[in-house]
Each structure stands twice: as structure tokens, then as C-alpha cells.
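Numbering (my numbering), first residue to last: 131 to 393.
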């Protein structure tokens, strides 16, 4: 028996809706119906997956809360490279050190939002994160790296082969935590200003949501971000950060994030 044909416009339509940053099925009846069709119709789901693959995308998950969550494959036109991030986040200094520091900040945000395996696996869990907390974790990470480098130097043991995170710790430690501008905003050249920029970049893409007063700099996670962090949890750099043990113990709860084999 031949498989029934699929109208290719509908799979493409679902993917197009998933590419809209803050659009969710709860606000769009047509989107909600396409998501339900994906979850209930294996032939339609396969057509969506293959269409996404042809565009250089991979479907991470599809739920009625998040909609279709997509990630770019390497080399895809949709791939977000650090140069693209630097431009979109409006970094004043786009040198490699600045990009690495922002990368560390993003890893810290993910670890603080979902510090336990159970949190990451629970679709009802909502994480919260503050600029101050992220800054403290990144600064402590840099201190650990600095201590490690000092021990290696004392033992005449070069650390050039250590994880990539060690490339930029001194630059972070040299920066002040806070410094107000003339209009009382966080200076973007400080570490908390840098973290604030990273968090707002995530919020602009529907991955986090600002809560409370703007001055509080508090954000909560979305289901879309949780799905992306599950993918991130399989990457070496994320696990290197967790291995430093700098996520606050009260938040960590003794948990460890799962790797790709457990998701």
C-alpha cells in the first residue's frame, strides 16, 4: 500500500511558524492544529522532519506549549555563529575574548536555570535567573580557572591543552562588576552589563521572559529555552562548567544534568 501524499505547504508552514521568535500555539489556532497534526500523524511528522532537514534545520521537539522548536545544523543558513551573535547583541568589542566571555555567560545562565536533572526533564518546571547570580557564577568559574593556572605554572605543567574556557578568565576578572552610566543603567563594559545584554538577547528570541521591575534584572525560562538547554546539556563545554562546581549548592541540589544518552 502506497503512503498517502502530503501537501508540502503545510509542513513548510509549521516550520515557518516555528521560526517566529515569540510565536506560540496558544495564540494561533492554525499553529495549534498543525502542532496537533504533527503529534498525531506520523506521515505528516516525517514530512515536517524531512522538510526541516532540507533547510538545514533539525526538529528538537514539538509540543502544544512550545510549538515546533528548531535548531540549525552546522553550515545551515540559519546557523547562529559568534560573529552573528556579536552583531545582534551589539557588542562594542567583537574580539574573540569578548565572544568567549559571552559564551561562558550563556552556559552559566543555562546551568542556573536548570541546575538539576529533574528540573530539565520536567516540562512544568520554570527556572528563574538574576543578572547578579550569573555574574557571580561566571566570576567564580574564572577564579577556579585562575587557581588551576597558578598550580600548573608552579608545577611547570603548561595548561595550553586545557578546556577552551580557560582562554578568557583573566579578562573577566579584570572587569568591574558594576558601574552606572549617566542615566543609571548598567554599563555594558562591566561584567553585569555584559550578562544583562546576554539575558536580554535570549528574551528577545522568546527563550526567556523578563519578570518584575526592569531594575530587578530577573528572568524566567520558557518551554522553548528548556528544550534548547536539553540539547546543550550534551555538549562538552556545558559539562566542563558544571564540573567546576561553581553553581550555588542551594540551587544545584546535588543534581547533575543528563547527557545526550539520557534524553
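Just so you know, even glycine gets a beta-carbon here, dropped at the ideal spot from N, CA and C.
Under the three-state DSSP convention, the category residue 394 falls into | The requested residue 394 does not occur in the structure, where the chain is confined to residues 131 to 393.
Is it right to say residue 356 is buried, meaning 16 or more other beta carbons lie within 10 angstroms of its own, or is it exposed?
-> buried
To the nearest whole angstrom, what separates the beta carbons of residue 350 and residue 341, a pair I think is in contact under 8 Å?
-> Rounded, the Cβ-Cβ distance is 5 Å, consistent with contact.
Boundaries (first-last residue) of the alpha helix (DSSP H) holding residue 259 | Unbroken run through residue 259 is the beta strand (DSSP E), 258-260; no alpha helix (DSSP H).
So, residue 268 versus residue 234, is the Cβ gap smaller than 7 Å?
-> yes
Using CA coordinates, which residue listed in 335, 185, 332 is at the minimum distance from residue 204?
-> 185
Count the C-beta pairs between the stretch 139-157 and the stretch 170-178 that are closer than 8 Å, then say yes if the count reaches three, no if not.
-> yes
Leaving aside the five residues before and after residue 201 along the sequence, list all residues of the same chain whose C-beta is less than 8 Å from its C-beta, in chain order.
-> 187, 188, 190, 358, 361
Compute the distance between the beta-carbons of residue 264 and residue 301, then report whether it is under 7 Å.
-> no
Whose C-beta lies closer than 7 Å to the C-beta of residue 335 among residues of the same chain, with five residues either side of it excluded?
-> 151
Per-residue burial, residue 159 [other beta carbons within 10 Å of its own, 16 or more giving buried] = Classification for residue 159: exposed.
Alpha helix (DSSP H) segment containing residue 183, residue limits | 172-184
Would DSSP call residue 351 helix, strand or coil?
-> strand
Is the beta carbon of residue 275 sitting closer than 7 Å to the one on residue 259?
-> no
Helix, strand or coil: which one does DSSP assign to residue 138?
-> coil
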